[in-house]
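Protein sequence lines, in the order shown, are assigned to chains C and B.
Under our numbering, the first residue of the first sequence is numbered 22, with each subsequent residue one higher.
Under our numbering, the first residue of the second sequence is numbered 4, with each subsequent residue one higher.
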Amino acid sequence: EAQVTQNPRYLITVTGKKLTVTCSQNMNHEYMSWYRQDPGLGLRQIYYSMNVEVTDKGDVPEGYKVSRKEKRNFPLILESPSPNQTSLYFCASSPLGQPQHFGDGTRLSIL
Amino acid sequence: GENVEQHPSTLSVQEGDSAVIKCTYSDSASNYFPWYKQELGKRPQLIIDIRSNVGEKKDQRIAVTLNKTAKHFSLHITETQPEDSAVYFCAASIRPGGSYIPTFGRGTSLIVHP
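1. Which same chain residues end up closer than 7 Å to C/Ser115 when comparing Cβ atoms and leaving out the 5 residues on each side of it in sequence?
2. So, helix, strand or coil for B/Pro85, using DSSP?
3. Taking three-plus beta-carbon pairs below 8 Å as touching, is the region 63-75 of chain C in contact with the region 52-66 of chain B?
4. Along the region 37-48 of chain B, where does the CB come closer than 9 Å to a CB of chain C? Name the residues.
5. Indicate whether at least one CB of chain B lies closer than 8 Å to the CB of C/Pro29.
6. So that I know if they touch, is there some Cβ in chain C lying closer than 8 Å to that of B/Asp62?
7. Indicate whether the contact test is met: 3 or more Cβ pairs, each with one atom in the region 93-112 of chain C and one in the region 28-39 of chain C, closer than 8 Å.
8. Can you pull the chain B residues whose beta carbon is under 8 Å from the beta carbon of C/Pro120, in chain order?
9. Express the C-alpha separation of C/Leu117 and B/Arg46 in angstroms, rounding to a whole number.
10. I'd like the list of long-range same chain contacts for B/Asp30, defined as Cβ closer than 6 Å, with 5 residues on each side in sequence excluded.
11. Three-state secondary structure (DSSP) at B/Gln48?
12. Please check if any C-beta of chain B sits within less than 8 Å of the C-beta of C/Phe111.
13. Cβ of C/Phe95 less than 8 Å from any chain B Cβ?
14. Leaving out five residues on either side along the sequence, give the residues of the same chain with a beta carbon under 7 Å from the beta carbon of C/Ser45.
15. Taking CB distances under 8 Å as the criterion, tell me whether C/Gly84 reaches chain B.
16. Of all the CB atoms in chain C, is at least one closer than 8 Å to the CB of B/Phe76?
17. Starting from C/Tyr85, trace the beta strand (DSSP E) both ways and give me its first and last residue.
18. Distance, Cα to Cα, B/Phe107 vs B/Ala94?
19. With distances taken between CB atoms, is the gap from C/Gln66 to C/Gly79 smaller than 8 Å?
20. Whose C-beta lies closer than 6 Å to the C-beta of B/His75 among residues of the same chain, with five residues either side of it excluded?
21. If you draw a straight line from the C-alpha of C/Val35 to the C-alpha of C/Leu62, how long is it?
If you want it as structure tokens, here you go:
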């Protein structure tokens, strides 16, 4: 089954404790991206990648890192999480120039 | 960068009525416009899209229109049903290097009353 898998789905943690949200897709898609969704603000892009070892900043990259060492994986790293990063996060993937498939989301709460 | 405005933020209709959601964009280089539906607690899912060489596209009860000159595009849902209740997002995308970089609107919460 074609899918984008995010883990964990829910996480409550504390300020400053490094965390990684994994994203994996089994569709051999070149393009992958991360979004955060906050009430009233819609979906805002954090980072995206058009292929292995190629990453670029989206609209709200501050406080986040990503890597694309393999085509299928695109982890989101919060080196020193802060409460303003409490949000619902979505990973998405697509072939180049095609609509995106979203994962089921990760709800992060940073205390 | 691109800026996408979406209106209204909330839309309440009776079952069977039509619903229209409008979006405007700022970057004339944008050439791909998808619409996503997000049901409560679920992921956004593509429902329809349109590219800049087309003025209108239909799929059963939903349609999208695009006016490139005015830089606005709209989603039209006819004969609304309670299961259409969801948040709808528009997006405008440019296409550097073969993929596209989307900017999303803030979403419209559609409520269809039985």
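Just so it is clear, CB atoms sit at the ideal spot from N, CA and C, and this is done for glycine as well.
According to the data block:
1. His50, Tyr52, Gln121 and His122
2. helix
3. no
4. Pro37, Tyr39, Gln41, Gly44, Lys45, Arg46, Pro47 and Gln48
5. no
6. no
7. yes
8. Pro37, Leu49 and Asp52
9. 21 Å
10. Glu5
11. When DSSP states are grouped into helix, strand and coil, B/Gln48 belongs to the strand group.
12. yes
13. Taking a beta-carbon distance threshold of 8 Å, C/Phe95 does not count as an interface residue toward chain B.
14. Thr26, Arg93 and Asn94
15. No, C/Gly84 does not count as interfacial toward chain B.
16. no
17. Run containing C/Tyr85: none; DSSP gives neither H nor E here.
18. 4 Å
19. yes
20. Thr27
21. 24 Å
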